[in-house]
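Chains as they are written, first to last, in my numbering: chain P, 1 to 112; chain R, 1001 to 1470. The beta-carbon is built from N, C-alpha and C at its ideal position, and this holds for glycine as well. Structure first, then comments.
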């Protein structure tokens, strides 16, 4: 099992969600996050006081998939979330030890 | 010791109040044979407009200033700002009824035009009373009762210290702010209002014996110069907020600031329009001139930003509107709408410079630019009133004022009179605020402690949070 975390643009969330669902990947968790990569932030000015805002708002989407679906998930997200401009985001993939479905107590791939 | 003091104070109030009542009755008896004026006969149109205006001015503090300032602070301090506004609505109102109105509009102590006596203390001679046969509503003049004048002026007494809160926002203790506002209202606001607005103030346009008749229609000097200059003194004496200049302190919600600013604009129609004291031609002109100045101020600040910094900002447009309104306040009763546009343009440009350049150069932390907008805009307005005042506007009844009024009509002395009035108000604002702050510092201290300031005034001073998300 793998956990796929994708930090993407806000306005891409709906498209990515639909594409993942169509690809047969079930369930996801979404968080509002702020951060920066190579893009860095922008300048804001309030009555002459200038601030550099480095932490830009993004959306982090987490899905957990079986080994067979990892490549499909990554391809779907990167195809749909890509605009080609700086700031499209990143995808992080980690190995997942276990999953528990609280209601039934199932564990492992069946619990995904 | 303390109780003796209060007892003595109460006796003083009572004695002067009773004396006032006796004199009033004597005067009424003396005037009776000539032409018996019907008591309680007023102009319902004037009363309606003045009550409406009073509500409009209260709206400037209650949601207006609270949102305007509230949006500009960091989110941990929003309740601190709102609490200051609503508490001042409570405290200043009560003080005004107890003695504030009397200090401003009572007879001059010793006839010097410096401060009023206790004639109207406890609303004696202001609120209705039973004279043995009928109820009497004391009159200000033939058109409105004194109670209406009192409540309209009360709203100014509330908003003026609330404006100063912008200078010490995010760091002053709530208790100290309260004590400061009470002392400041008593010893700075009341005298200046008496000088400028009472029939016997030493620089009042209503005092026929005054050498310098400063035009201050709606409070450019009384409200904005006093609060703006005192704000600068507060910013200097309290010192900077922790981390000022090192960490970002951007406004936490400019949408609030926008709502607040537009409410100020709306409420200002009552602030200036109501200052005519009647629903008359001068009120109509003040209404129009006020709007034009706000419009021009908005354009000036936002467009200057656009040119200088590349982008016009919401905060700039809002600030420009307020700057224009501040500047036109003293002039609205004596300048034409076209002059209002010039006043607004000047205010937008000058206050923009004050808030963005002068402040950074000198490095004082006037958190929300109470000085940069109200002090600078108010002073500019006081002086420009002397330039643009015209006899075309001043008399509600044509023909009352026939001499040239402002510089443009050839009366350079009016600019001098304006400068004298403004200068005197500044002097009292500086000296009074320094002394009051020293007293408050000695009794209560001025600032919350370091941990409290980092935590935020909302939790530290009030035990609440503005935003709770689950």
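Separation of residue 74 (chain P) from residue 66 (chain P), as counted between CA atoms: In the first chain, counting from the first residue as 1, residue 66 (chain P) sits at position 66. In the first chain, counting from the first residue as 1, residue 74 (chain P) sits at position 74. Cα to Cα, residue 66 (chain P) sits roughly 12 Å from residue 74 (chain P).
Interface residues of chain P facing residue 1315 (chain R) [CB-CB closer than 8 Å]: On the second chain, residue 1315 (chain R) is found 315 positions in, with the first residue counted as 1. Those within 8 Å of residue 1315 (chain R) in chain P are 46, 47.
Neighbour list for residue 1309 (chain R) in chain P, Cβ cutoff strictly below 7 Å: Residue 1309 (chain R) sits at position 309 when you count from the first residue of the second chain. Under the 7 Å cutoff, chain P gives 45.
Alpha-carbon to alpha-carbon, residue 1206 (chain R) and residue 1142 (chain R): By one-based count along the second chain, residue 1142 (chain R) stands at place 142. By one-based count along the second chain, residue 1206 (chain R) stands at place 206. Cα to Cα, residue 1142 (chain R) sits roughly 17 Å from residue 1206 (chain R).
Closer than 8 Å to chain P by CB, residue 1216 (chain R): Locating residue 1216 (chain R) in the second chain gives position 216, where the first residue counts as 1. Judged by the 8 Å Cβ criterion, residue 1216 (chain R) is not in contact with chain P.
CB contact check: residue 1262 (chain R) to chain P, cutoff 8 Å: Looking up residue 1262 (chain R) in the second chain gives position 262. No, its Cβ sits nowhere closer than 8 Å to a Cβ of chain P.
Host alpha helix (DSSP H) of residue 1108 (chain R) (start-end): Stepping through the second chain from its first residue, residue 1108 (chain R) is reached at position 108. Counting along the chain, residue 1108 (chain R) falls outside any alpha helix (DSSP H), and DSSP gives it neither H nor E.
Residue 1373 (chain R) classed as buried or exposed, judged by whether at least 16 other C-beta atoms fall within 10 angstroms: Sequence index remark: in the second chain, residue 1373 (chain R) carries index 373 (1-based). It is buried - the Cβ of residue 1373 (chain R) has at least 16 other Cβ atoms within 10 Å.
8 Å Cβ shell around residue 1027 (chain R) - same chain, five flanking residues per side excluded: Stepping through the second chain from its first residue, residue 1027 (chain R) is reached at position 27. With a pLDDT of 46 at residue 1027 (chain R), under the threshold of 50, the modelled position of this residue cannot be trusted, and the question is left open.
Chain P contacts made by the stretch 1218 to 1230 of chain R, where a contact means CB separation under 8 Å: none
Residue burial classification, residue 97 (chain P) (beta-carbon count within 10 angstroms, cutoff 16): Working through the first chain from its first residue, we reach residue 97 (chain P) at position 97. Classification of residue 97 (chain P): exposed, given that the 10 Å Cβ count is below 16.
C-alpha gap between residue 1341 (chain R) and residue 1297 (chain R), whole angstroms: As a position in the second chain, residue 1341 (chain R) is number 341, starting the count at 1. As a position in the second chain, residue 1297 (chain R) is number 297, starting the count at 1. Answer to the nearest angstrom: the Cα atoms are 8 Å apart.
Option in P:62, P:44, P:52 with minimal Cα separation from residue 1305 (chain R): Here residue 1305 (chain R) refers to the residue found at position 305 when the second chain is read from its first residue. Residue P:44 is the option with its Cα nearest to residue 1305 (chain R).
Exposure label - residue 1365 (chain R); buried when at least 16 CB within 10 Å: Position 365 of the second chain, counting from 1, holds the residue named residue 1365 (chain R). That one is buried.
Inter-residue Cα distance where the pair is residue 1213 (chain R) and residue 1257 (chain R): Mapped onto the second chain, residue 1213 (chain R) falls at position 213. Mapped onto the second chain, residue 1257 (chain R) falls at position 257. About 37 Å.
Limits of the unbroken alpha helix (DSSP H) element including residue 14 (chain P): Here residue 14 (chain P) is taken as the residue at index 14 of the first chain, counted from 1. Unbroken alpha helix (DSSP H) run through residue 14 (chain P): 13 to 22.
CB contact flag (residue 1319 (chain R), residue 47 (chain P), <8 Å): Within the second chain, residue 1319 (chain R) is the residue found at index 319, counting from 1. Within the first chain, residue 47 (chain P) is the residue found at index 47, counting from 1. A contact, by the Cβ cut-off of 8 Å.
Assigned secondary structure, residue 1453 (chain R) (DSSP; H/G/I helix, E/B strand, else coil): Counting from 1 along the second chain, the entry for residue 1453 (chain R) is found at position 453. Three-state DSSP puts residue 1453 (chain R) in a helix.
Contacts that residue 51 (chain P) makes with chain R (C-beta to C-beta distance below 9 Å): Indexing the first chain from 1 puts residue 51 (chain P) at position 51. Here the neighbours are 1248, 1249, 1250.
Positions along the stretch 1328 to 1359 of chain R whose CB lies within less than 8 Å of some CB in chain P: 1355, 1356, 1357, 1359
Beta-carbon gap between residue 987 (chain R) and residue 1392 (chain R) smaller than 8 Å: Lying outside 1001 to 1470, the shown extent of chain R, residue 987 (chain R) is not represented and no answer is given.
Classification of residue 1124 (chain R) by the beta-carbon crowding that lies within 10 angstroms, buried from 16 upward: Working through the second chain from its first residue, we reach residue 1124 (chain R) at position 124. Buried, since its Cβ has 16 or more Cβ neighbours within 10 Å.
Helix, strand or coil at residue 1150 (chain R) according to DSSP, with G and I counted as helix: For the purposes of this step, residue 1150 (chain R) is identified with residue 150 of the second chain, where counting begins at 1. Residue 1150 (chain R) falls in the helix class under three-state DSSP.
Neighbour list for residue 1365 (chain R) in chain P, Cβ cutoff strictly below 7 Å: For the purposes of this step, residue 1365 (chain R) is taken as residue 365 along the second chain, with counting starting at 1. Simply none; closest approach about 11 Å.
Counted within 10 angstroms of its Cβ, other Cβ atoms place residue 1412 (chain R) as buried (16 or more) or exposed: Here the question's residue 1412 (chain R) lines up with position 412 in the second chain. It counts as exposed.
Cross-strand partners of residue 1130 (chain R) (DSSP beta bridge): Taking the first residue of the second chain as position 1, residue 1130 (chain R) is located at position 130. For residue 1130 (chain R), which the question treats as bridged, DSSP gives the partners R:1135.
Per DSSP, the bridge partner or partners of residue 56 (chain P): Your numbering for residue 56 (chain P) matches position 56 in the first chain. Paired residues: P:35.
Distance between residue 1245 (chain R) and residue 1460 (chain R) (C-alpha atoms, nearest Å): Start at 1 with the first residue of the second chain, and residue 1460 (chain R) comes out as number 460. Start at 1 with the first residue of the second chain, and residue 1245 (chain R) comes out as number 245. Their Cα atoms are separated by approximately 23 Å.
Straight-line Cα distance separating residue 1150 (chain R) from residue 1354 (chain R): Along the second chain, one-based indexing puts residue 1354 (chain R) at 354. Along the second chain, one-based indexing puts residue 1150 (chain R) at 150. Their Cα atoms are separated by approximately 35 Å.
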